[in-house]
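Novice: This is the structure I have questions about; it appears just below.
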């Protein structure tokens, strides 16, 4: 039974990733929702499946201008990621950055600042010209600009 559920989750995730590859974000969202529904059956035995699906859905939610949903999904996934990955792992860095972006998007600047700083701190092992580090730094710079204008 578990293997069948895992295969169904893998299939839905694969379809979602293919939809993203061709820019069909609506279809990707549908496939990730299917994958999340399947992953919920694995929450006890393979919680990372559920968490990774939530992070993917959160990224799509941010693209769809739904940061509140993204925050909810990411908050649920965070403890599972923290138990699974080291803080400097690329998946953790992605999660931190998404959390920062979601809070930035809703105007929670101090919370966003915390998450951008945490992301950059855990990227210390990467060279300064690393593309992901540059993106996080630019988003952090934009946050500081937004915060300055909001004050």
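In this note's numbering, the protein residues as written are 140 to 290.
Note that CB positions come from ideal geometry on N, CA and C, so glycine has one too.
The model shown is predicted, which means the values in this text are computed figures rather than measured ones.
Which one of 216, 209, 198 and 199 has the shortest CA to CA distance from residue 179?
Specialist: In the chain shown, counting from the first residue as 1, residue 179 sits at position 40. Comparing Cα-Cα distances from residue 179 to each of 216, 209, 198 and 199, the minimum goes to 216.
Novice: Can you tell me where the alpha helix (DSSP H) holding residue 173 begins and where it ends?
Specialist: Taking the first residue of the chain shown as position 1, residue 173 is located at position 34. Start and end: 164-178.
Novice: Just the C-alpha distance for residue 269 and residue 208, rounded to the nearest angstrom, thanks.
Specialist: Taking the first residue of the chain shown as 1, we reach residue 269 at position 130. Taking the first residue of the chain shown as 1, we reach residue 208 at position 69. Distance between the alpha carbons of residue 269 and residue 208: 29 Å.
Novice: The alpha helix (DSSP H) with residue 252 in it runs from where to where?
Specialist: Against the chain shown, residue 252 aligns to sequence position 113. Where residue 252 is concerned, the enclosing alpha helix (DSSP H) stretches over 248-261.
Novice: Give the range of the alpha helix (DSSP H) segment to which residue 144 is assigned.
Specialist: For the purposes of this step, residue 144 is identified with residue 5 of the chain shown, where counting begins at 1. Segment 141-160, the alpha helix (DSSP H) holding residue 144.
Novice: Please say whether residue 250 and residue 242 have beta carbons closer to each other than 8 Å?
Specialist: In the chain shown, the residue the question calls residue 242 occupies position 103. In the chain shown, the residue the question calls residue 250 occupies position 111. In this structure, residue 250 lies closer than 8 Å to residue 242 by Cβ.
Novice: Under DSSP, the alpha helix (DSSP H) around residue 218 begins and ends at which residues?
Specialist: Looking up residue 218 in the chain shown gives position 79. Its alpha helix (DSSP H) spans residues 206-223.
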